[in-house]
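Single-structure report; data block below.
Numbering (this note's numbering), first residue to last: 50 to 579.
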């Protein structure tokens, strides 16, 4: 089930009335509006916006143009979309039959959930009781309420935009991380990747590019991965597998199919279409192949009665061919779209995205766990805020050790459309340490042990504890960092050394480092020795 609204005839009628009722408009403005509306009708909003803006430069209180420009900006600039739509309604309260719907949309994506519920309700009251759109308003109201609850109870996670080197004003998505965490393949619709390759919607065709991880915060400039991989249509990265020697990718053949390319030295081979029953005449969007290459989880519209995307699994037969796909079940698949399956390294934790379940708007990331006895998947859990946002959050991927997640999301703080973001998932660990002399005597009293890290993801960390008379101390620190450990006595720093805390996603990990103090025989002081 897809939330869609048919408004073309009513909107065109309003546009015609506006043209005929304005006696002072010039031919230029008439042409601008005609051109803009042509782009608008085919959802080429990026091309429509400049024409609407040209009209608004001459008449910034043209309610109709403000309305259409506001709808167009929803895909690129949520704040401006809100400003334009609210101004249009203020100038002409009944500018369009569905103005309350659009106000609900901009309120929802701008975190004004109570206002969104009010506008959705007002629009619902204008619809016949049995109208499908009225049911859709019920769904949207529920999403706004879900979003409000999740935003009020956020997880202690930091979602970081990968920055303008990776992201652009266009859409970036489908991050694929190499096993050593040093290379990322991803998909972009930016003009630098595919100059001149423009789709009917005004966006550039999807292209697969590659960037190198320079350090924790920086990436190299992306470049096209291979001339073999990118075709004249849409090409999208899905997964590196077989020790990063094979790439699963999407191509816009038929309605969308899966291909595999093999790495040969430093280049990639021409992609080969997957055979068997996986690819169909319908839309296959995203997939995950297990490390043994014997199981594939994938999303397709082919087996859905209502045309929505559902999740399926297929296993290889003894002949090496893919067997008949099986649905992952009603626990996971809904009347809405499910997509982007990703199986964690444990082989029983499945991440996926859905427009159903208890989403907080658009696609959300969910997680489900496999019962290895019954071979059934648990009820999905929403990953919560801030992993999810009021808009689309898709293509959730983990690095090899599971400490960092990447996803594509259209949210505040981005550069335009969907951007790629990272999330530090590493857990805190318990440090139960000991300070002693090298001669195994007890350490002096009044020792303060301080753990501090350099900024990572714009966040420096500091922890401290006072050691007992026996030199023992306990504190809890974030894993995946190298700390400067300082031992002080009576406010005087004795020495500083490094201590690396490995990254982990496990709970309740305890580390027991020992720090030795060498006695200064002349002064009676101590100095730290590693």
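Note that beta-carbon positions come from the ideal geometry of N, C-alpha and C, so glycine has one too.
Query: Based on Cα-Cα distance, which residue from 328, 385, 428, 421 lies nearest to residue 411?; Result: 385
Query: Run through DSSP, which three-state label would residue 270 get?; Result: coil
Query: Just the C-alpha distance for residue 562 and residue 483, rounded to the nearest angstrom, thanks.; Result: 7 angstroms
Query: Can you check DSSP and say which residues form a bridge with residue 108?; Result: Residue 108 pairs with nothing; no bridge assigned.
Query: If you follow the beta strand (DSSP E) that residue 223 is in, where does it begin and where does it stop?; Result: 221-226
Query: Looking only at C-alpha atoms, which of 534, 92, 284 sits nearest to residue 305?; Result: 284
Query: Could you tell me the distance, in whole angstroms, from the CA atom of residue 548 to the CA atom of residue 565?; Result: 13 angstroms
Query: Does DSSP put residue 581 in a helix, a strand or coil?; Result: Not covered by the structure: residue 581. The range shown for the chain is 50 to 579.
Query: Sort 220, 140, 407 by Cα distance to residue 199 and report the nearest one.; Result: 407
Query: Beta-carbon within less than 7 angstroms of residue 272's beta-carbon, same chain only, minus the 5 sequence neighbours each way: which residues are those?; Result: 258, 259
Query: In the DSSP assignment, what residue or residues form a beta bridge with residue 209?; Result: 471
Query: When burial is assigned at 16 or more other CB atoms within 10 Å of the CB, is residue 196 buried or exposed?; Result: buried
Query: Does DSSP classify residue 80 as helix, strand or coil?; Result: helix
Query: Taking all protein chains shown into account, decide if residue 310 is buried (16 or more other Cβ within 10 angstroms of its Cβ) or exposed.; Result: buried
Query: I need the straight-line Cα distance from residue 368 to residue 327, nearest angstrom please.; Result: 16 angstroms
Query: Cβ of residue 274 versus every heavy atom of the ligand HEM: is any distance shorter than 8 angstroms?; Result: Ligands are entirely absent from the displayed structure, and the ligand HEM is therefore not among its contents.
Query: Using the beta-carbon count (16 or more within 10 Å), is residue 555 buried or exposed?; Result: exposed
Query: Which two residues bound the contiguous beta strand (DSSP E) that contains residue 524?; Result: 521-527
Query: Alpha carbon to alpha carbon, how far is residue 130 from residue 79? Give it in angstroms, no decimals.; Result: 23 angstroms
Query: In whole angstroms, give me the CA-to-CA distance for residue 182 and residue 270.; Result: 45 angstroms
Query: Thinking just about the alpha-carbon of each residue, which of 524, 185, 274, 141 is nearest to the one in residue 480?; Result: 524
Query: Give the C-beta separation of residue 361 and residue 374 to the nearest angstrom, bearing in mind that I take them to be a contact with Cβ-Cβ under 8 angstroms.; Result: 4 angstroms
Query: Helix or strand or just coil, what does DSSP make of residue 201?; Result: helix
Query: Mind reading off the beta-carbon distance from residue 186 to residue 173? Whole number of angstroms is fine, and I expect it under 8 angstroms.; Result: 4 angstroms
Query: According to the Cβ coordinates, are residue 227 and residue 128 closer than 9 angstroms?; Result: no
Query: Going straight from the alpha carbon of residue 409 to that of residue 438, what length do you get?; Result: 7 angstroms
Query: Ignoring anything shorter than 4 residues or poking outside the stretch 297-335, list the alpha helix (DSSP H) runs there in chain order.; Result: none
Query: Is it true that the stretch 315-322 meets the stretch 330-340, where meeting means three or more beta-carbon pairs spaced less than 8 angstroms apart?; Result: no
Query: What is the rounded straight-line gap between the Cα of residue 279 and the Cα of residue 99?; Result: 30 angstroms
Query: Relative to the C-alpha of residue 190, which candidate in 146, 158, 552, 140 has its C-alpha closest?; Result: 158
Query: Going by C-alpha to C-alpha distance, which of 363, 348, 365, 364 sits closest to residue 357?; Result: 348
Query: Answer yes or no: do residue 398 and residue 417 have a C-beta to C-beta separation smaller than 9 angstroms?; Result: yes
Query: Using the Cβ count rule (16 or more neighbours within 10 Å means buried), how would you classify residue 282?; Result: exposed
Query: What is the rounded straight-line gap between the Cα of residue 423 and the Cα of residue 381?; Result: 16 angstroms
Query: According to DSSP, is residue 280 helix, strand or coil?; Result: coil
Query: When the Cα atoms are used, what is the spatial distance from residue 495 to residue 538?; Result: 6 angstroms
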